[in-house]
Each structure stands twice: as structure tokens, then as C-alpha cells.
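Shown next, in C-alpha cells, is the structure this report addresses.
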Amino acid sequence: MKSMNRLVPILISLALFIAAPLLLRESQAPPSPGADELVIISPHNETIRYEFSRAFEETYRKRTGRNVHIDWRLPGGTTEIVRYLNSEFEAGFRSYWTRKLRLPWTKAALEGYSDSRLSGSSDKSSPAEYARYAFLNSEIGCGIDLFFGGGTFDFINLANRGFLVNSGVLDRNPILFSTGSDIGIPQDLGGEPCWDLHGRWVGACLAGFGICYNSDVLARLNISSPPIQWADLADRRFFRAVALADPTKSGSVAKAYELMIQQQMNQRLSEIGKSTSSQQGENEKQAVKEGWERGLQLLIQLAANSRYFSDAAPKVPADVAYGEAAAGMCIDFYGRSESEAVSDDFGRTRLQYNNVRGGTSVGADSIALLRGAPHPETAKAFIDFVMSCEGQMLWDFRPGTPGGPIRYSLRRLPIRREFYREPFRSFMADREADPYRDAQAFHYNEAWTAPLFSTLRFLVRVMCIDSREELVAARAAIGDAPVNSPAFQKLLDISRVRYDVALQQIRETLRSADRLNEIRLANLLVTHFRNQYREAARLAQQSK
Amino acid sequence: MKISGPRNTEEGGIAARNREFRSRLNFVRLHWKIFGLYSIILAFFAVFFILPVAIAVRSGFVDQTGSLTFAYLREVFRNPLYLEGFLNALKIAIGSTLAAFLLASPLAWVGYRFDFPGKSALSALLILPVMLPPFVGAIGFRQILGQEGALNALLHSIGLLGTDRVIDWLGTSREWGIVLLNALHLYPILYLNLVASLSNVDTTLLEAAEMFGCSGLRRAARVTLPLILPGIFSGGSIVFIWAFTELGVPLMFDYYRVTPVQIFDGIQDIDNNPMTYALVAVTLAATALIYFVVRIFIGSPPALMPVRGGHGRNITAVSGLRGLACSMLFLSICGFALLPQLGVLCVSFSKDWYRSIFPNAFTLDHYIFALGNHLTVPAIQNSLLYASLSTCVDLFLGVAIAYLVTRTLIPGRSWLDSLAMLPLAVPGLVLAFGYLALTRRGSFFSFLAPVQNPLVLLVLTYAVRRLPYVVRSAAAGFQQAGISLEEAAQSVGAAPFRALRRITLPLIAGHLFSGALLAFAFAVLEVSDSLVLAQKQADYPIAKAIYELSNVLGEGPYLAAALGVWAMVFLGLATAAARVAAGRGGTFAVFE
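Listed below in C-alpha cells is the structure:
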């Protein structure tokens, strides 16, 4: 009886707890039987999926008279999706190769079928070439129609491997994708491609990197002028207060670091150009070389001030908003959303976000049709919807505005250029944003750093991330010593990774088929930089 | 080959010969049943643990020509960062285990010996720290220990800290912080095992020791400690391996030079570094070795275990100052350990919480949104199904493994015991990708592919990763319960498995409950496996729904906190209901 007396209130509480979500549950119509099916794999969050599902289902019904049900597949972020697609296509091709073509499964076939360097040949004497040929001429799929969301880095890789196919969106929308047109989407925006020339993927919205900062923390650190350029974050007062994004986990972040370097090269070129204008070619070479050095030194200083390198995109603005870091490097829509989330009833906010003019590019978040899509027509209709004005309105229109989202503010920047003019602009949540204007402030020179894209990512890892403990300790020891002091100079010594060394020895090692070479080089350089930072700390202690 | 069967010591007469004949028959039956069971368990491990892990780490052992290589493995040992990370992980694991023991042992002793005011409620509160997904706990922790968090606000308000200064609690003394947080998170595991062990100690032995002049600390060291050693080993080994492979807490402190973070970092790397997979293999081997060595020293039960049963413990009711002291001991440790949970609770009701001891303004909106979201109800149903089924699998396998390890002399039982602990050391993502590869098209297990229905794979992955809790609890129970009562049952004609079912399992129900409780709670809160294997919204478990809502721009952490609190309270109430339903003094007496 005593047990029952104790059990009843617990069971009542348990029943109430279970009942709460049942009572609060929003009504949602189950998928209609016989509805057309569309399978999308995506890293997009619930808010984007909700708004696009709702709007597309409505549009599709109006246009075709049929219902459609979107089956979202969500195995994690972009990295997990790419890994999943690799695994599924490999399994699909293996099955096709051994069962339909009745050929033995070899390493050459495994590596050849998705090797973008091979053009493919019907000659069976070369298994790798034939595997590539067989794959590109097949309808092998993974049961998924579309890949929606993620930076161009991953889409370009997947397209080159042959996993993405032409959706025909360029042909169906010739004006929208006409290069040079005033109303169309440019193929290249500030050095970043916005769509694939073969129509295998197209950008659906735009995103860039900028600096977010907490004005309360800046006041506490006696920093009166907010950081507007990457170099501002190298200030000693930001010590252990800068939250940085990790370029080894995301192609988009790696691109941001590349553009940081390019900014230094551009600045150096303008300095040299002013003094001597006759030798343009030589000047450019010198500017690239010295800009590279300055850029790497800037990276070392940012890392020396860093609190961490994070691969979780929302972590940086959240930590800055709550004062864990004073400033951070973050994606624009995360910065703006967090800023709004912590604003008071009068719209005042402690978290500010700024694009870094002249120091960052604008990248496209893309959509693509996958090879062997089981529902290609519905998938093409979805791509057309996303690229249409109706679809683009969802990205940044305020909830409740005509054609806008009904529940969530997505805070993503549409890729269609007309949205940055009236009448669209007045409905947007980010009326001041204009990625096309921002992109003009930056001149991207592909020849300078594009060959070093992977190398730079590698260098950030060995110089800044893996050696971070020693780097931060050295920066603490150096304190307010001037930049020309021996200790500071030792800290910033990048002679081991000069532009010519990076372009030749390091790049060649990274391109080697044997991964051991890369691993050994990483080991060597990490040891070198850790020792260098320890030596800098020792020199700093000595001089005190 | 010697495999233990019934130890029949009856002698003389026809009846005795009949019994002996029946016993031999049982031995032969048991012999085959044991081998059958052993084979099933090994096959299960081979297919659903070793094979997927081997597939996942394969790239760490093949070179560019596809040939077997140990070069990456050698590089792991040549890499100073990995060696440093390994040493740091070891230090953190040792520190965390000792700290958890320091927290759990006084509580377990006081809880075992005394009945004090509020004991039941406080005992229930003790296990709450393990009932919250770690990434939700991190939100609460940041609100309290952050530079602009509640603790600094408190110090500002009482004048101990200037208003223009803050203390960076998370950024300084990070190793100590990790050890403390691990201990506060994991001590309930040790507590549950210690209480279960103490409850099974035969009090007549303690009384006998006292009669012979052995009392106080001497009795604790000479009599009680050896008797509860299986329980200490059971909980301690889980805490040690957990802390050794813990990812969330070091990440919370931005502490990257430690093996689990280095593995996680490598798995996420877009260049797919093969060294990472070699490092996973090294970590697994190291875990098995450490466990094996520790087991040799402290894991073996005393040669003669007392018979448990019939000699209940003497609980002393205390009130007044002594009762208050007992309550305060529980309350202070509970309160400290529940700080992240309290932080999450406040976040879930707050509009904004910044530079203040408590939230600046309160709202119910986050609960209305999170609980009303279309993801939530199906996710709750899914979680209950997945976690219940996986706990049943764990109970069956856990009892079977513990029986083989503690009750038989079957060859390889020590390795089986170590193997059963390894799932604790495998990163969830590695196992999940292994399962995906195992079930992809064209493979024998393609019918289990998670795209159509992830039920089987999720139940299996939850069961595999949570199996160590049940194995350790069951093994501790078997070791303490002794074999005499089973033998007595067999001597009067009960078949060995019947004796096990009717005599020993009821005796060790408390141990099994504690293991099953942890297995169920952690299965409900599992994130990494669910992230990869539950790909369709309709199949989401609650942990993935919480993760999804945490990604809603701006509001995400508040929504995750609201749903996290719901899950925590639900698990707490379900546990309390099970405990009370079993009745005081019944099989779940260890929780009273």
C-alpha cells in the first residue's frame, strides 16, 4: 500500500510528461497515397527543409495537379553526406561491374570508375579506363535524386567523379545562367564559381565569411574600434579571445583562408605598384611571394590569439554572443541570426556581424541531380523551383511577407541578382546585404593561390592547429614586445614554408599517391613549428 | 578441457548414484549448451562488432596499391602529438576514475548503512547526471562557467571579483577541469555498482570480523573491500574506459591534444587521413590491454565468495544532526554534479541569460515549440522502441557473457570479457560507418540497410555500444552471489540453467537493473550512431531530434535544452517508477 502511495504520483507525472508532446503536437497531414516521390539528401536544417517542403508541395500541386512527398535523407553534415555517397556509388558500381558486366572486381576498377583524370574508354584492355567509361555511361544510382546544400568544393569534387549529372537547368533557364547578363547569375563571383558549366550543379543561395564580435567583451578588453578586417584580430588585446573556423573540415572555410592570403597579396601589389609602375610582371611576382609570407604571418598571429579552431559552424557566433570569445570568424547567416536572437525588445544587440570587405569571397550553396536518380522529372522540377523567384523568396524574405516563408526566417542570401534590388529588397530580412556588391570589392586571382588550395589547408593544420598549444604559450610569453623583437620575429618565421617551397616541394608531396609522404611531412613540419614556438617563448623569457 | 558443471558432492546409496547420473547428464547437456551459447556470442561479436570496425578502419592498413601495410601504424607511434594525446588520455582516465571513486564511495557507504531524511529522493537525483545528452549538458555548463556566465556574475554581485574582470573557468587548468567534470558525470556508474556490491555483502561475515576484534577501517580494508572488489572493478573499469575515450568533455574545454579528440578530428577531416584509422586500432588494442592487465590485478573475485542471501543488511535509521549530515553529503555532491543540468533547466525557460546569476527573463515558448514540433512525438516513440529492444538484447548477451566468464572455465573467457568491454572504446561514428559499409548494396547484409528501416541496425548498434554496462553489472553480481545456492538447487534436481534462472538471477536482479538502466538511458541519448543511421525523419530517435532542433538558427540551444530537459525528467521518472514498483527490500533494494 505504501508502495502504491508512492507509485501513483510518479505514474501521474510520467503520464503528464508523455501527454505533453502529444497535446502540443502540431497537426501534419500524412503523405497522400499515390503522391509522387522525391528523395533529397541534405545537410540543411529543419527550418529550411520545412519551408521548402511546404512551398514546393504547394507549387507542384498547382502545376501538375498531383501531390508530391519529399523523403529527406539526413546522414549528418556535408562531410558525412560525401562519405555516404562515395560508399553508395562504389557499392552500386561494384554490383554493376561484377553482376551485369561479369568482370572481376580489381583495384584498377575500384580506383578508375570515379577518377576524374580518366576520360574513359570502351577498350577493355585497360580496366581503369573501361571502368570509367562503364560508369559514366551507366545509370548507376544510390536511390537518391538530389543533393541539396553544401559548398561548391564538395559539389565540384562529386561532379568530377561523375556522381552528379546534368539536370538541364541551364538549358531550361538560359537567361538566368547567361554569363555577362545584368540579370543573370554570373558563373564566377569574386573567384568562386556559382554554377557548373555542364549543368551538373548550380548555386541555390550565397554565403560568405565575416567577423562577428561582442561589443560588451570588446569594452571589457578596452578595444574601442570593432574589428572590420582580419588583421584587426591580430591585436594583442584579443589574446585567447578569437574563435576561428577549422579549414581542414570544410572546403568553404579553407576558401576563406585562401582569400585572406589573397587580400595580403593584393595589398602588397598595390603598395609595390605605387612605388614602381614600370615592371608590372616582376612586381606581381614579388607581391605574390611577399603577400604569401604576410598572409601566413597573419594566420600565425590569429592562431596565437585563438581560443579554438572549430568545425561546428554555429559554435563560433554562439560563443561570441555569450562572451566566451570576443570575436570570431563566422558564416554570414549564422552571425546575423545569432545577432537577432540575442537582441532586446528594442532591436539592440550585443553581437554584431560584419562582412570583411576586400578580404572574403561569397560562395554558393548548391543543388545537384545525382546519377541514376529514381525520380528525375520531379527532381528537375524541384531544382527549377529552388532557382525560381518563388523558391528564392524563401531564402531571405521575412516570415509572413508575400511569397516568403510562413514560419521561419531562413536568413540565407538568394543567388538571383534581382533580389538585391526593389521590389524584392524591401521584403528581405537582410536588406543591407548585397553579396554582389561585396564580391566586387575583392579581386580574386586564381593563378596566385588556387594551385595551393590544399597546401594552404595543410599548412594551417601544421603551423596553427597542431602546434597551437606551443604557439599560444609563446604569444603569452612575448606579451607586449614589439613585432621586431627577436622573440616575435622567431614566432613569425615562415622561411620553412615560403611561397616557392610551398608551390613545389610541399605541393608535390601532397599530390603524391603514397599518403605516407604527406604524413611524414606533416610530422616534420609540426615538430619544426613546435620547436620554433618554444624557442620564441624562450627568447621572450630571456629578454625579460 | 574443463568446463565447470555442477559440483556434486553427494555420496553413497542408489539415490546418490541416481543423482550423480542425472548430474553427469546435465553436465553433458550443459557442456553443449555452453558451447552453443559461446558460439552465438562470438558470432555476434564477429559479425556486428569486429567486422564493421575492421571495415571502417581498413584504410589505416592498406597502402596505395591496396596491399596490407603497417606503415601508418608505425607512424602513429612516431607521431609526438599522438603519443602526447595518448598520455593525456591515460592521465585523464586515471584521474577521473580516482575522483569518481572519491565521490561515489562515501555516498555508497552512507547510503548502504543509514536511512536518513530524503534518502529516496536524493538517491534518485544521483543518477540524473548521466541522463542528458552531452552536447545539451555543454550548453548548461557554458551558461554557468562561461566568462559572462552565472558563476562570474555571482562573484561580481558579492564583490569578490571586479566588474571589469572575469575568470576564464573553462580556459584555465583544463586537465583538472576535464577530470572533475568526468568524475561528476560518471560517479553515478560507480555508485550504482558499489551500492549493489555492498548490498550483496553477507553481514554475518562483518559481524564475525567484529567479534574477532576486527572493526572500523581495518574491517573495511580487510573484509569489506575484498568482498566488494568485483563491484569496484565493474564500475571502475567502465568509468576508466569511458574517461579514456571521452570526447565531449575535452571538446567543451577546447582541449584537443587527447586521443579521442584526435580521432574525432581525423574522422571529420576532408582529406580522410588513414592515420586516424590506425589510431582507432591502437586505441582499441590499448583499451583491451589496459583492461586485461587491470583485471589480472584486481578483477578476480576472492577464492571463496560468501553465499549471498538470507543475511540482509542492517540499516541504521538516523535523524537529527546525523541525519542532516547524511542528507547534506548527498545534497552537496548531487547539487554540484547537477550544475550542468540546472544550467540546462534555466536555459530551457529563459529568453536570454547573460551576465546574470539567473536568466534575465523567462518563457515557456521553447517547450511549446520543441514538444509541439512534428519531429518530437515520433522520435519519442522510436527511442522507446529502439532503446527497449537494445536493452533486452544487452540483458540476454550481458548475462550470458557474465555467466561464461564467471561460472565456467571455458577457454578464452578472459578474452571474451575484454572483448565485451571494447565497444566502450569505439567511436560511434566509426561503428556507424562500419554498419553502413556492412549493409550496402550487393553485400550479404544488404537487407539490413538503414535506408528502408534502421530499426535492426540501430538496435544492434545501441546494444553493442551499451553491452559493457550490463556485462560488468552481471559479472559483479555473479561473483558476489557465489555458486553454492546454484549447486544446492542442482543437488536437489534442478537443471543448471533452471537453477540460474530461479536462484541466481533473482539474487543479482539489482545488479542487472543498474546495468540495464544505464544501457537504456544511454541508448535513448545516443547521438553519433543515430546521426548516421537514422536518415529519414520518420526514423529519428529523440537524441537526433534534439540535435536537429539545436541547429535551428538563433533559437537552437534553447529548443535543445527544452527537449533535453524533457528527456532527462522522463528518464528520471521512468527509473523512479520502476524502482518503486519493484518495492522496498525487493530485487531493487540497492536503490533504496
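The listed protein sequences correspond, in order, to chains A and B.
Mapping of the first sequence onto my numbering: residues 35 to 578, in sequence order.
Mapping of the second sequence onto my numbering: residues 80 to 671, in sequence order.
We put the beta carbon where it would ideally sit given N, CA and C, even for glycine.
With distances taken from CA atoms, which of the options is nearest residue i?
| i | options | result |
| --- | --- | --- |
| residue 281 of chain A | A:104, A:343, A:201 and A:526 | A:343 |
| residue 540 of chain A | A:487, A:578 and A:478 | A:487 |
| residue 572 of chain A | A:439, A:523 and A:399 | A:523 |
| residue 653 of chain B | B:226, B:284, B:467 and B:367 | B:467 |
| residue 237 of chain A | A:450, A:478, A:336 and A:533 | A:450 |
| residue 254 of chain B | B:335, B:625, B:188 and B:138 | B:335 |
| residue 564 of chain A | A:533, A:525 and A:544 | A:525 |
| residue 174 of chain B | B:261, B:225 and B:216 | B:261 |
| residue 580 of chain B | B:207, B:152, B:478 and B:130 | B:478 |
| residue 500 of chain B | B:131, B:543 and B:402 | B:543 |
| residue 424 of chain B | B:639, B:482, B:619 and B:626 | B:639 |
| residue 463 of chain B | B:344, B:232, B:659 and B:604 | B:604 |
| residue 107 of chain A | B:272, B:188, B:280 and B:614 | B:614 |
| residue 228 of chain B | B:304, B:125 and B:419 | B:419 |
| residue 469 of chain B | B:447, B:597, B:482 and B:151 | B:597 |
| residue 446 of chain A | A:57, A:50 and A:85 | A:85 |
Give the C-beta separation of residue i and residue j to the nearest angstrom, bearing in mind that I take them to be a contact with Cβ-Cβ under 8 Å.
| i | j | result |
| --- | --- | --- |
| residue 185 of chain B | residue 558 of chain B | That belief does not hold up - the Cβ atoms of residue 185 of chain B and residue 558 of chain B are roughly 24 Å apart, past 8 Å. |
| residue 589 of chain B | residue 278 of chain B | 6 Å |
| residue 163 of chain A | residue 154 of chain A | 6 Å |
| residue 218 of chain B | residue 636 of chain B | 5 Å |
| residue 370 of chain B | residue 199 of chain B | With a Cβ gap of about 35 Å, residue 370 of chain B and residue 199 of chain B do not count as contacting. |
| residue 274 of chain A | residue 250 of chain B | 6 Å |
| residue 412 of chain B | residue 194 of chain B | With a Cβ gap of about 18 Å, residue 412 of chain B and residue 194 of chain B do not count as contacting. |
| residue 140 of chain A | residue 188 of chain A | Actually they do not touch by this definition, with Cβ atoms about 28 Å apart. |
| residue 452 of chain A | residue 217 of chain A | 6 Å |
Taking a contact to mean a Cβ-Cβ separation below 8 Å, would you say residue i touches residue j in this structure?
| i | j | result |
| --- | --- | --- |
| residue 128 of chain B | residue 502 of chain B | yes |
| residue 375 of chain B | residue 362 of chain B | no |
| residue 181 of chain A | residue 330 of chain A | no |
| residue 518 of chain B | residue 506 of chain B | no |
| residue 427 of chain B | residue 644 of chain B | yes |
| residue 295 of chain B | residue 356 of chain A | no |
| residue 583 of chain B | residue 566 of chain B | no |
| residue 210 of chain B | residue 568 of chain B | no |
| residue 611 of chain B | residue 508 of chain B | yes |
| residue 193 of chain A | residue 128 of chain A | no |
| residue 276 of chain A | residue 340 of chain A | yes |
| residue 577 of chain A | residue 501 of chain A | no |
| residue 79 of chain A | residue 631 of chain B | yes |
| residue 248 of chain A | residue 271 of chain A | no |
| residue 606 of chain B | residue 359 of chain B | no |
| residue 315 of chain A | residue 478 of chain A | no |
| residue 495 of chain B | residue 483 of chain B | yes |
| residue 408 of chain A | residue 183 of chain A | no |
| residue 156 of chain A | residue 167 of chain A | yes |
Compare the C-beta of residue i against all C-beta atoms of chain C and say whether one is closer than 8 Å.
| i | result |
| --- | --- |
| residue 519 of chain B | Considering every chain present, this structure includes no chain C. Its protein chains are A and B. |
May I ask whether a heavy atom of the ligand FMN can be found less than 7 Å away from the beta carbon of residue i?
| i | result |
| --- | --- |
| residue 320 of chain A | In the structure shown, the ligand FMN is absent, as is every other ligand, since no ligand is present at all. |
At least three beta-carbon pairs within less than 8 Å, the segment 470-481 of chain B to the segment 538-557 of chain B: yes
The segment 393-411 of chain A touching the segment 238-256 of chain A, judged by at least three CB pairs closer than 8 Å: yes
Contact between the segment 275-289 of chain A and the segment 346-359 of chain B (3+ Cβ pairs under 8 Å): yes
Three or more C-beta pairs below 8 Å linking the segment 37-49 of chain A and the segment 426-443 of chain B: no
The segment 487-504 of chain A touching the segment 552-563 of chain A, judged by at least three CB pairs closer than 8 Å: yes
Sufficient close CB pairs (3 or more, under 8 Å) joining the segment 174-190 of chain A to the segment 70-79 of chain A: yes
Length-filtered (3 minimum) beta strand (DSSP E) runs lying within the segment 52-132 of chain A: 70-75 and 102-107
4 or more residues per run - each alpha helix (DSSP H) lying fully within the segment 466-534 of chain A: 469-474, 480-483, 487-494, 502-512 and 520-525
Ordered list of alpha helix (DSSP H) runs contained in the segment 416-467 of chain B, each at least 4 residues: 418-428 and 444-451
Those runs of the beta strand (DSSP E) which lie wholly inside the segment 179-250 of chain B and span at least 3 residues: none
Sequence ranges, alpha helix (DSSP H) only - wholly within the segment 332-387 of chain B, length at least 4: 338-347 and 353-373
The segment 435-447 of chain A / the segment 455-472 of chain A touching (three or more Cβ pairs under 8 Å): yes
Stretch-stretch touch, CB-based, cutoff 8 Å, three pairs: the segment 115-123 of chain A with the segment 94-106 of chain A: no
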